[in-house]
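Participant:
Numbering (my numbering), first residue to last: 9 to 537.
Structure representation (structure tokens):
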């Protein structure tokens, strides 16, 4: 097995190999050295078998009788056997000098032995190749087993992806599918080199992990910290459905205050105004807030004009009072009839005689953003008609106060016009429709525009002529316009049966049949058309 020794010692062939077995084989391209040795070994093995075919007669004849060689003949004894090598050499002919019959050796046994030896050699060669785990390298478009340029670039031909200059033999980085000078692989945010073992990617830009977190990790709008991950390693936060204020889930349970008007949470770096009844008001809502009964009278007149424009004038003079939350809750307990929006009621239409504490003078803002010097006085309600007063919670922005007034005014109108006792869905639903209509008119109307989108065409023209359009307090800020959209969103998305579902049914009826026909149908049937 000389060829096996050759494999174990290695081969010095690099590019070409010429092996002869029947014909010549030539590889014109570089080959794997181990693969070369395997092919060489198999060729040598086959060559050795060739030589065995030549020597088999001599070896056996010498073993039987060294002095008298045997004469090899074929089975029919007519002519001596000729053993020819595959190299076309002259056949070896051996004759015996004795008179004994010539020895006959079958070629079948020689062929069988040769085949067995060949199979053993091939199996051994395959076993060695398999044990070495040698895979042929991939061939590329060039026909060569070597990777094309520039995979095996010389050091001087590496080009930095940052500065586009050659890298040479110095230190370099290999990342993001390119090579870089260490000083050229920089963070996309701070433009400083990235020297850490780990970095973050956004798009095609690398970042320091700290810079990526600062730029892309969401921060809580309340505590201003990075929103923590949950047990599954995911970023979990809460968001207001309208304002899209993002905050940590823990703030829903740590008593972080919300604005009683816009419902946004109070940020740690901002102070909300603390009202006497414990509610908090953000500074943006405070800007248009109505604080006492006298200040609310102009807005009450606007609501009356709005109803008059819809041909729904309230003839009776119904008192309107701004009250604290405690006074509103006490009045609600003394009222026998009516439906209340829980968890907090912000307006009431009273029909019973009672005494109510109303806010007489606007309070001042004291130290620590607290309301001080509030002056209240009792007000005795006398029953002159079906409605004794309309109460509204103080300290709310003008648009929210106006929508509450429009809602409670509808309650008063229904009672004064002799509508029968209605189900909560019908009565609260149609009152919410009027509140939504007023907000729509205040938010989008301009002088001379058609604002009664939810009413009939005859009512719409009347509203346009009587409504003043923009607020009488002057031009509204962008936030106040946004606030008006929020209050409408609250009405539209209310999930309660009476206020939410009732509004959606009532609004659909008004849009289809008009306000006047809807009210007539309610008066006759007690339900929406």
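The beta carbon of each residue, even a glycine, is placed where N, CA and C say it ideally should be.
1) Going by beta carbon distance, what residues of the same chain come within less than 6 angstroms of residue 529, once the five residues before and after it are set aside?
2) Consult DSSP for residue 235 and reduce its assignment to one of helix, strand or coil.
3) What are the residues that DSSP puts in a beta bridge with residue 251?
4) DSSP three-state call for residue 301: helix, strand or coil?
5) Whole angstroms are fine: how far does the CA of residue 497 sit from the CA of residue 320?
6) Spatial neighbours of residue 407 within its chain, please: CB distance less than 7 angstroms, with the 5 preceding and 5 following residues excluded, ordered by chain position.
7) Rounded to the nearest angstrom, what separates residue 363 and residue 438 at their Cα positions?
8) On the criterion of 16 or more Cβ atoms from any shown chain inside 10 Å, does residue 269 qualify as buried, or is it exposed?
9) Take residue 210 as the anchor and find which of 223, 201, 200, 203 has the nearest alpha-carbon.
10) Mind checking residue 375: buried by the 16 CB within 10 Å criterion, or exposed?
11) Name the DSSP beta bridge partners of residue 386, please?
12) Taking C-alpha atoms, which residue in 327, 335, 412, 282 lies nearest to residue 377?
13) For residue 272 versus residue 251, is the C-beta distance shorter than 8 angstroms?
14) Give every residue of the same chain whose Cβ lies closer than 6 angstroms to the Cβ of residue 295, excluding the five residues on either side of it in the sequence, and list them in chain order.
15) Grab me the residues of residue 617's own chain with a C-beta within less than 8 angstroms of its C-beta, minus the 5 sequence neighbours each way, in chain order.
16) In whole angstroms, what separates the C-alpha of residue 257 from that of residue 244?
17) Give me the Cα-Cα distance between residue 538 and residue 420, rounded to the nearest whole angstrom.
18) To the nearest angstrom, report how far apart residue 289 and residue 517 are at their CA atoms.
19) Would you decide whether residue 309 is buried or exposed? Buried here means 16 or more other CB atoms lie within 10 Å of its CB.
20) In this structure, how does DSSP classify residue 309 when only helix, strand and coil are distinguished?
21) Helix, strand or coil, according to DSSP, for residue 439 in the structure here?
22) Look at the Cβ atom of residue 395, then the Cβ atom of residue 370, and state whether they are nearer than 8 angstroms.
23) Distance check for residue 202 and residue 219, CA to CA, integer angstroms please.
24) Residue 240: buried (16+ other C-beta within 10 angstroms of its C-beta) or exposed?
25) Quick one: does the C-beta of residue 189 sit closer than 7 angstroms to a heavy atom of the ligand COA?
26) For the structure I just gave you, are there three or more beta carbon pairs, one from the segment 426-444 and one from the segment 332-339, closer than 8 angstroms?
27) Is residue 532 helix, strand or coil when you go by DSSP?
28) Any idea if residue 199 is buried or exposed, counting beta-carbon neighbours within 10 angstroms, 16 or more meaning buried?
29) Exposed or buried, residue 171, counting other C-beta atoms within 10 Å across all chains shown (16 or more means buried)?
30) Using DSSP bridges, identify the partner residues of residue 186.
31) Consult DSSP for residue 219 and reduce its assignment to one of helix, strand or coil.
Facilitator: By the coordinates alone:
1) Counted from its first residue, the chain shown places residue 529 at position 521. These residues qualify, in order along the chain: 537.
2) Position 227 of the chain shown holds residue 235. Coil.
3) Indexing the chain shown from 1 puts residue 251 at position 243. Beta-bridge pairing links residue 251 to no other residue.
4) Here residue 301 refers to the residue found at position 293 when the chain shown is read from its first residue. Helix.
5) As a first step, residue 320 must be located in the chain shown, where it is residue number 312. As a first step, residue 497 must be located in the chain shown, where it is residue number 489. If you take the alpha carbons of residue 320 and residue 497, they lie about 25 angstroms apart.
6) Within the chain shown, residue 407 is the residue found at index 399, counting from 1. Within the same chain, residue 407 has close Cβ partners 447, 450, 488, 491, 492, 495.
7) Numbered from its first residue, the chain shown carries residue 363 at position 355. Numbered from its first residue, the chain shown carries residue 438 at position 430. Looking at the two C-alpha atoms, the distance is approximately 29 angstroms.
8) As a position in the chain shown, residue 269 is number 261, starting the count at 1. Label assigned to residue 269: buried.
9) Along the chain shown, one-based indexing puts residue 210 at 202. Checked all of 223, 201, 200, 203; the closest Cα to residue 210 is 223.
10) Position 367 of the chain shown, counted from the first residue, corresponds to residue 375. So residue 375 counts as exposed.
11) Within the chain shown, the letter at position 378 stands for residue 386. According to DSSP, residue 386 bridges with 365.
12) Here the question's residue 377 lines up with position 369 in the chain shown. It is 282 whose Cα lies nearest to the Cα of residue 377.
13) Here residue 272 corresponds to residue number 264 of the chain shown, with the count starting at 1. Here residue 251 corresponds to residue number 243 of the chain shown, with the count starting at 1. Closer than 8 angstroms, so yes.
14) The sequence position of residue 295 within the chain shown is 287, counting from 1. Excluding sequence neighbours, residue 295 sits near nothing in its chain.
15) In the structure as shown, the chain starts at 9 and stops at 537, and residue 617 therefore has no counterpart that could be examined.
16) As a position in the chain shown, residue 257 is number 249, starting the count at 1. As a position in the chain shown, residue 244 is number 236, starting the count at 1. Distance between the alpha carbons of residue 257 and residue 244 is about 7 angstroms.
17) Limits of the chain in this structure are 9 at one end and 537 at the other, which puts residue 538 out of reach.
18) Here residue 289 is taken as the residue at index 281 of the chain shown, counted from 1. Here residue 517 is taken as the residue at index 509 of the chain shown, counted from 1. Annotation: residue 289 to residue 517 spans about 36 angstroms, alpha carbon to alpha carbon.
19) As a working mapping, residue 309 is identified with position 301 in the chain shown. Residue 309 should be labelled exposed.
20) Taking the chain shown and counting its residues from 1, the one referred to as residue 309 is at position 301. Correct three-state label for residue 309: helix.
21) Counting from 1 along the chain shown, the entry for residue 439 is found at position 431. Reduced to three states, the DSSP call for residue 439 is helix.
22) Reading the chain shown from its first residue, position 387 is the one you call residue 395. Reading the chain shown from its first residue, position 362 is the one you call residue 370. No, the pair does not count as a contact, with Cβ atoms beyond the cut-off.
23) The residue you call residue 219 lines up with position 211 of the chain shown. The residue you call residue 202 lines up with position 194 of the chain shown. Distance between the alpha carbons of residue 219 and residue 202 is about 11 angstroms.
24) Within the chain shown, the letter at position 232 stands for residue 240. Exposed is the call here.
25) Only the bare structure without any ligand can be found here, which leaves the ligand COA out of the picture.
26) No: the two stretches stay apart, fewer than three of their Cβ pairs being nearer than 8 angstroms.
27) The sequence position of residue 532 within the chain shown is 524, counting from 1. Helix.
28) As a working mapping, residue 199 is identified with position 191 in the chain shown. So residue 199 counts as exposed.
29) Within the chain shown, the letter at position 163 stands for residue 171. Result: exposed.
30) On the chain shown, position 178 is the one that residue 186 refers to. The partner list for residue 186 (beta bridge, DSSP) reads 183.
31) The count along the chain shown starts at 1 and reaches residue 219 at position 211. Three-state result, residue 219: helix.
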